[in-house]
Amino acid sequence: MKIDLSNLTIATAHEHLVKGDFTSVELTQAYLEEIKKKDGKINAYREVFADALGQAKEADTKIAEAKKAGTPFGLLLGIPCAIKDNILIQGRIAGASSKILEDYRATYDATVIAKLRREGVIFIGRTNMDEFAMGGSTENSAYGPTRNPHDSERVAGGSSGGSAAAVAMDGALFSLGTDTGGSIRQPASFCGVVGLKPTYGAVSRYGAMAMGSSLDQIGPIGKTVADCEIVFNAIRGEDTALHGGRGDGTAITATTYPTTRVGSKGAGKKPVIGVPRHFLGGDGIDPAVMKALDAALESFKSKGYDIKEIQLPNISYALMVYYIVMPAEVSSNMARYDGVKYGMHVDGGDVVQDYLKTRRAGLGKEVVRRILLGTYVLSSGYYDAYYNRANAVRAMITNDFLKAFESVDLVATPTAPGPAFKVGEKASDPMSMYLEDIFTVTANITGMPAISVPCGSAEKDGKALPLGLQLTARHGDEATLFEAGQEFLNEI
Ligand code: GLN
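Residue numbering for the sequence shown follows my numbering, beginning at 1191 and increasing consecutively.
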């Protein structure tokens, strides 16, 4: 059977594998061909794994065994996926799109990888990203930007631009990204796919390179909400048993994690959606984005959802809080790249010169900028003025959301203030790049889960560029995101 990748979801691909319409080898081959055709232009992949077909062969053997035994097999068995270059896969290079880790090989599997491996997925390759996940356009990769499959003059978003573009160009059926301030949701929005930033702690960060440890989460990017839900369920949960008692100490245990809706409304009742209008009117927002949001709210209304205006009094400080807390954590996390433990080593004659020379040669401009900023806000004279104050405001913003969630179940905003911008358009102006994160950082600051779903488009240069709707829910309430997201996209 000719495989139509553009209409495939995890569930339909699984059905075809069950029926024997195609094998995992054929499916993987179809994705590899698409990558070959398109990736020269798009640059979604840092590396396509040479053994992808070998992995698919193994999956086919397992599928054949299951069929012979008459037992069902898992939804992800034999399904090709792409992994962001900052998530460790044992024995493979994990480079974070940085020169400093160009040849670094992972010595163990990240928890999410171990979990996906257990499901029998095919790791098709690792994807391009902003260096160490610092950026919003994938232009900070040491290996050139990822281009948007909808318009190759434009960025794919970032920092998980490669992971979003890989799915959008049919170069994988789903992918994993990391999200510290929007890096799953914003590229998903730019590329017209779905991206989920789970609740902080829902997915183990073990084996994901740390950027801002109190903000980072790994999450799925897929073509549908249902696909993201399937992957989320496969990767979530705690992991100490997997790693002999190590793992991620902040991961919430699987036994206590809610699988049905949290909150006041019981199952069967439509969630109430809150809209912080006071935060949405700014000049920096493309009118097409507001139009798409209003249309989305109308569509929810027609589906029986209540829409309510809400106040989030401190939300306008969110971006400032993020750009203090994040670099502070970055500056500390980046100290481990010292020319000794991982990757590149430039000899300087003594330990201090080794350190300085390696970092000077290996780290890009944006990473250096954030190390400097972070070191500054943590320095003894400024710690109270910046870092401590930012943490206090962080708590206030979280409280605003908790209060809002007393009367609503979801908060709706755009994912980004506009559609994908042009390659180079914001690259020399970090402030305008940082403003891209205005809607996404709150979910990381508060630890709440948020999803971006495709929502209309903006016409630019004769091309329809995708836009995204962001829904945020209470801690642990991914179930409501999935329900509303699927209803919105008419998946159910
Ligand atoms: N664009 C944001 C930043 O540059 C988000 C990055 C991320 O989520 N990794 O910090």
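Glycine included, C-beta positions come from ideal geometry on N, C-alpha and C.
Quiz prompt | Residue from T1317, D1299, V1208, A1286 with nearest C-alpha to L1265 | solution = V1208
Quiz item: What is the rounded straight-line gap between the Cα of Y1566 and the Cα of G1325?
Solution: 20 Å
Quiz item: Beta-carbon separation of A1663 and L1655 under 9 Å?
Solution: no
Exercise. Classify N1338 as helix, strand or coil using the three-state DSSP reduction.
Key: strand
Quiz item: How should S1597 be labelled, buried or exposed, when 16 other C-beta atoms within 10 angstroms of its C-beta is the threshold for buried?
Solution: exposed
Practice problem: May I ask you to list the residues that DSSP assigns as paired with L1546? | Solution: According to DSSP, which records beta bridges pairwise, L1546 is partnered with nothing at all.
Quiz item: For A1703, which of helix, strand or coil comes out of DSSP?
Solution: Outside the modelled stretch of the chain, which goes from 1191 to 1682, sits residue 1703, for which no answer is possible.
Quiz item: By DSSP, does D1537 sit in helix, in strand, or in coil?
Solution: coil
Quiz prompt | Neighbourhood of M1359 by C-beta distance below 6 Å, restricted to the same chain and skipping five residues each side | solution = K1228, I1232, P1339
Practice problem: Using beta-carbon positions only, say whether P1388 and E1668 come within less than 9 Å of one another. | Solution: yes
Exercise. Less than 8 Å between the CB atoms is what I'm expecting for A1203 and L1222, so what's the real figure, rounded?
Key: Wrong, their Cβ atoms sit about 15 Å apart, outside the cutoff.
Quiz item: By how many angstroms is the C-alpha of T1199 removed from the C-alpha of A1249?
Solution: 18 Å
Exercise. Would you tell me roughly how many angstroms separate the C-alpha atoms of A1346 and G1244, rounded to the nearest one?
Key: 30 Å
Quiz item: How would you write the range of the alpha helix (DSSP H) that G1675 sits in, first residue to last?
Solution: 1668 to 1678
Practice problem: Return yes when the Cβ of I1314 is within less than 9 Å of the Cβ of A1272, no when it is not. | Solution: yes
Self-check item: E1649, enclosing alpha helix (DSSP H) - first and last residue
Solution: From DSSP, E1649 is part of no alpha helix (DSSP H) but of the beta strand (DSSP E) over 1640 to 1650.
Quiz item: Ends of the alpha helix (DSSP H) at D1484?
Solution: 1477 to 1492
Practice problem: Identify every run of the beta strand (DSSP E) within the stretch 1249 to 1304, keeping only runs that are complete inside it and at least 3 residues long; order them along the chain. | Solution: 1270 to 1274
Quiz item: Taking DSSP as the reference, what is the three-state secondary structure of E1343?
Solution: strand
Quiz item: Is the stretch 1600 to 1607 in contact with the stretch 1464 to 1479, if contact means three or more CB pairs nearer than 8 Å?
Solution: yes
Self-check item: Cβ-heavy atom distance, Y1512 to the ligand GLN, below 8 Å
Solution: yes
Self-check item: Per-residue DSSP class, three states only, for I1200
Solution: helix
Quiz item: Whose C-alpha, out of E1329, G1371, E1343, A1362, is nearest the C-alpha of G1351?
Solution: E1329
Self-check item: Environment of D1473 [buried if 16+ CB atoms lie within 10 Å]
Solution: exposed
Quiz item: Grouping DSSP H, G and I as helix and E and B as strand, with all else coil, what is R1316?
Solution: strand
Quiz item: Just the Cα atoms here: how many angstroms apart are D1425 and R1375?
Solution: The amino acid at residue 1425 is misidentified as Asp; the sequence shows Ile. In a straight line, the C-alpha of I1425 is about 18 Å away from that of R1375.
Exercise. Look up Y1532 in the DSSP assignment and say whether it is helix, strand or coil.
Key: coil
Quiz prompt | Close beta carbons around E1419, own chain, < 6 Å, minus the five adjacent residues each side | solution = F1672
Quiz item: Is the shortest distance between the beta-carbon of T1565 and the beta-carbons of chain D less than 9 Å?
Solution: The structure shown has no chain D; it contains just one protein chain.
Exercise. Kindly indicate which residue of M1621, K1612, P1377, V1357 has the alpha-carbon position closest to the one of D1341.
Key: K1612
Self-check item: Bounding residues of the alpha helix (DSSP H) (the contiguous stretch that carries G1230)
Solution: 1214 to 1232
Quiz item: Start and end of the alpha helix (DSSP H) containing Q1166?
Solution: Since the first and last residues shown for the chain are 1191 and 1682, residue 1166 lies out of range.
Self-check item: Between the CA atoms of Q1280 and T1301 - distance to the nearest angstrom
Solution: 11 Å
Quiz item: By how many angstroms is the C-alpha of A1259 removed from the C-alpha of I1641?
Solution: 39 Å
Quiz item: What do you reckon, is the C-beta of D1369 under 8 Å from a heavy atom of the ligand GLN?
Solution: yes
Quiz item: Secondary structure at A1654, three-state DSSP: helix, strand or coil?
Solution: strand
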